[in-house]
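Mapping of the sequence shown onto numbering that gives the first Met the number 0: position 331 corresponds to residue 330, and the numbering continues sequentially without gaps. Heads up: the structure comes next, in structure tokens.
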Amino acid sequence: MSERPQPTAQIAAVPTTTPFVAPEELARRAGHSSLLRLGANESAFGPPPRSLEAMHAGLQRTSWYGDPESRELREALGKRHRCSPSQLTVASGIDDILGLVVRAYMPPGGTALATLGTYPTFAFHVAGYGGRLETVPYEDDGTVPLDRLAARAGELQPQIIYVANPDNPSGSFAEAGTLERCLAALPRTTLLLLDEAYADFVEECELLRPAVRDGVIRARTFSKAFGLAGARIAYALATDEVGATLQKIRLHYGVNRTAQLAALAALEDEPFVRSVVAEVARGRDEYAALGTRLKIATLPSHTNFVCFDLGSRERAEAMVDELLHRGVFIRKPGAPPLDRFVRVTVGTPAERDRFAAVFEEALSALGSRSAWSFV
Ligand SMILES: *Cc1c(COP(=O)(O)O)cnc(C)c1O
């Protein structure tokens, strides 16, 4: 036995791999001073102008804590979603919310269920809190296997089932009716943790209603369509009872004051957010057309990214490296059947043009290598 302090057995068992290698680190490793950032689904269109103004005006008060209740923001969000502030929990990103929900609802030794290869932060929290993650693979067309997830939940009786909708990394989306069927088939004791990071990119009428439902926690963020990823602010929508539970454990001052101001102002800048959503839709169409021109299939997407089918895991991995070498940061899904795809965020028109040119160069560079022909 070591004499020195040791982490708990639960934490010692967690693999030391960092969740993601950051683009800053990738740039350092590849010897680039900066990268074209199309790998983290950040908004290429920046924060709403009103948020920028509000942040500038509020900077001087960084010496103050933010309102720990995020009262003003929760009231504005309550109007937006027609629910009460007590049904809203503000936190520093969906990543934070996923951790709170796992901690609150899954005991050590408990079970959680998710699609194999979906957004990984949920899995890190399950491991960190001593749970077991069971998975079901995507359908071959990249959609989330809702029927099979519900059936598996019936067998496993997990405390939590995690569904990202629209999904990352596939970009697929299940409309309200489909989700409703899945929900009806879940065990009564299983909580549906619905990660709606990309909900702003789909029509409101296609989303599950009403906003607050028994047995469901929905997570929304200002990181994607609202362009505030670096501000770290998001919220959970759930019943009063769930709200009161999360309230007990959330970090009291975990959301910074400047982010609160930015989020509040963003809600008042609807025309800007709508213009971002419209431009992202144009960008997705452009990526699909690029795929058609290069004879590379793409997955239909309801998000701010598109997956390109490179034909095999090896080719997709080689493409990520080749693009990094050329100063472009993208990522790829890690698990079959989606591991043969690369995932590319929709950039500004100029960034899309640059991506198209570099992607084509990278394809011919890879195509001319001998290893390429027999993978
Ligand atoms: C980007 C993303 C997140 C992270 O959201 P934050 O609010 O920035 O923590 C969560 N879930 C999914 C599916 C995402 O793609």
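Glycine is no exception: its CB is placed at the ideal position from the N, C-alpha and C atoms.
C-beta contact flag for K176 and Q9 at 8 Å: It is worth fixing the name first, because residue 176 is Gly in this sequence and not Lys. Not in contact: G176 and Q9 (Cβ atoms no closer than 8 Å).
Environment of T15 [buried if 16+ CB atoms lie within 10 Å]: exposed
Selection from E23, L322 and V305 that minimises the alpha carbon distance to P165: V305
R256 versus L97: straight-line alpha-carbon distance, rounded: 21 Å
Stretch-stretch touch, CB-based, cutoff 8 Å, three pairs: the region 103-122 with the region 228-235: no
Reference V201, options E359, R339, V272 and L148, closest by Cα: V272
Three-way DSSP call (helix, strand, coil) for V341 in this model: strand
CA-to-CA distance, L293 to V211, given in whole angstroms: 44 Å
According to DSSP, residues forming a beta bridge with Y161: A113 and L192
Touching by the beta-carbon criterion (3+ pairs, under 8 Å), the region 59-66 and the region 203-221: no
beta-carbon A228 near ligand 1 non-hydrogen atom, thresh 7 Å: yes
Through-space distance from A11 to A111, alpha-carbon basis: 20 Å
Cα-Cα separation, G109 to T344: 35 Å
C-beta atoms of F121 and H301 nearer than 8 Å: no
Residue interval of the beta strand (DSSP E) (run including C306): F304 to D308
Nearest-angstrom Cα separation, counted from R49 out to T133: Contrary to the premise, residue 133 reads as Glu rather than Thr in this sequence. Distance between the alpha carbons of E133 and R49 is about 43 Å.
Cβ shell of Y161 (< 6 Å), same chain only, five flanking positions each side left out: A113, F121 and L192
Straight-line Cα distance separating P46 from T347: 14 Å
Neighbourhood of H251 by C-beta distance below 7 Å, restricted to the same chain and skipping five residues each side: P67
Among V100, R27 and G30, the one whose alpha carbon lies nearest that of K247: V100
Identity of the residues DSSP links to V211 by a beta bridge: BP columns for V211 are empty, so no partner.
K331 Cβ short of 7 Å to ligand 1 heavy atom set: no
Neighbourhood of A75 by C-beta, 7 Å cutoff - its chain only, sequence neighbours within 5 removed: L263 and L266
Distance, R330 Cα to A163 Cα: 18 Å
Residue closest to D239, alpha-carbon to alpha-carbon, out of G77, A317, L51 and P4: G77
Counted within 10 angstroms of its Cβ, other Cβ atoms place T117 as buried (16 or more) or exposed: buried
Pair within 8 Å by beta-carbon distance, R424 and L309: The requested residue 424 is not part of the displayed model; the chain covers only 0 to 374.
Nearest-angstrom beta carbon gap, A196 and A230 [assumed within contact, 8 Å]: At roughly 15 Å, the Cβ-Cβ gap does not stay under 8 Å, so A230 and A196 are not in contact.
Host beta strand (DSSP E) of V89 (start-end): L87 to A90
Close beta carbons around P84, own chain, < 8 Å, minus the five adjacent residues each side: R70, R73, E74, L76 and G77
From G290, G30, A356 and P22, residue whose alpha carbon lies closest to that of Q37: Checking the sequence, you will find Leu at residue 37 rather than Gln. Closest option to L37, Cα to Cα, is P22.
Contact test: Y286 Cβ vs ligand 1 heavy atom, cutoff 7 Å: no
Straight-line Cα distance separating E24 from S32: 10 Å
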